[in-house]
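Read through the structure below, which is laid out as structure tokens, and then see the notes.
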Amino acid sequence: VVRCDDDALLSSLTGMLEPLFDGLVLLYAPDREHWFSNRVYRERIDDERFDPDRIRDRYLDGGGEERFDGDAWIGAIDGVEYVWFRVVAGNWAELEGARSRAERAGTGLIVDLRHDVGGDFTFARAALASWSARDVPAFRTRTRSGPERGSFDAWTEWDVPGEGAPVEVPVVGLTDRYTLSAGERATLLRRVLPGVTGLGEPTNGAMATMSGRGLPNGWFGTLPVQEVE
């Protein structure tokens, strides 16, 4: 039996996981920083390039519709409606109001998903359903079903349900390398809609559902368990 201390074990495990470069491959060890396989997240590369507090304090105009909380920044920049979503959850219900205000003013709408940490993309799907008059295919997923390399369930097709009408003003969607998981799936849904322009950096590339497991020594790890295309 070969024994090693925690530092050596952590070094060995992270050395094996690092080449995966996946934002959903994480290792949690007590009294240590969470370790990310994705180097951008692990080293916080260019993290300072996006600061929601700076946007709130220096760029948003203010007014009766302006609100700030941990999940969303809502306001306007030079008359253009702006909403930043930190997570994909019930906060996406705010999107309809932002759209309505933009259309009444005849200006535009900025949907900012930079540094979006994920959540449940079905909230974004429901919110975007009113942006199209027809169902629009967006992406598909399949989930691992066994240990063999090709063991997956059947593909599930995801679309934007057509329950409304296209937005009547220009829409810009912003992303960066910290747009993760459900934030990326929301981006896939948004990009298939007419009249919506994407700007910014490519997203993190970690958009699959992940699964977590406890390790025998009390540590905890996560891995993606899906393919998305």
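Residue numbering for the sequence shown follows my numbering, starting at 4 and increasing by one per position. Note that CB positions come from ideal geometry on N, CA and C, so glycine has one too. Nothing here was measured: the structure is a model prediction, and the numbers come from that model.
From this set, the options, which residue's C-alpha is nearest residue i's C-alpha?
{"i": "E187", "options": "R216, L116, A136 and R61", "result": "L116"}
{"i": "L177", "options": "A185, S14, S184 and T190", "result": "T190"}
{"i": "V114", "options": "L192, T159 and A168", "result": "L192"}
{"i": "E36", "options": "V231, G122, E230 and W222", "result": "W222"}
{"i": "T225", "options": "R107, L202, T17 and D60", "result": "T17"}
{"i": "A105", "options": "S14, G82 and G121", "result": "G82"}
{"i": "A141", "options": "V195, S154, R152 and P150", "result": "V195"}
{"i": "V231", "options": "R42, F155, D10 and E151", "result": "F155"}
Less than 6 Å between C-beta atoms, sequence neighbours within five positions excluded: which residues of the same chain meet that for residue i?
{"i": "Y62", "result": "I80"}
{"i": "H118", "result": "F53 and Y181"}
{"i": "L202", "result": "V175 and L177"}
Let me check one thing: in DSSP terms, what residues is residue i bridge-paired to?
{"i": "S214", "result": "L226"}
{"i": "Y31", "result": "F223"}
{"i": "L177", "result": "D115 and L202"}
{"i": "R147", "result": "F155"}
{"i": "A3", "result": "For the chain, the structure presents residues 4 to 232; residue 3 sits outside this window and is missing."}
{"i": "P140", "result": "D162"}
{"i": "V231", "result": "T144"}
For a quick check, are the C-beta atoms of residue i and residue j less than 7 Å apart?
{"i": "G111", "j": "V172", "result": "yes"}
{"i": "R45", "j": "F53", "result": "no"}
{"i": "A234", "j": "P197", "result": "Past the boundaries of the shown model lies residue 234; the chain is included only from 4 to 232, so the question cannot be answered."}
{"i": "V139", "j": "V163", "result": "yes"}
{"i": "A91", "j": "D64", "result": "What sits at residue 91 in the sequence shown is Val, not Ala. Not closer than 7 Å, so no."}
Looking only at its chain, what residues have a beta carbon closer than 7 Å to the beta carbon of residue i, apart from the 5 residues adjacent to it on each side?
{"i": "R70", "result": "I77"}
Near residue i, what residues of its chain come up, given a Cβ to Cβ distance below 8 Å and the 5 sequence neighbours on each side ignored?
{"i": "A13", "result": "This sequence places Leu at residue 13; Ala is not what is there. Closer than 8 Å at the Cβ level, and outside the excluded window around L13, lie L30, A32, R35 and W38."}
(message) When you compare the stretch 204 to 223 with the stretch 29 to 37, are there three or more beta-carbon pairs, one atom per stretch, that lie closer than 8 Å?
(response) Taking a cut-off of 8 Å for Cβ pairs, the stretch 204 to 223 and the stretch 29 to 37 touch, as three or more such pairs fall below it.
(request) Kindly confirm or deny that the stretch 87 to 101 and the stretch 129 to 136 touch, where touching means at least three C-beta pairs closer than 8 Å. (result) Three or more Cβ pairs closer than 8 Å define a contact, and the stretch 87 to 101 meets that threshold against the stretch 129 to 136.
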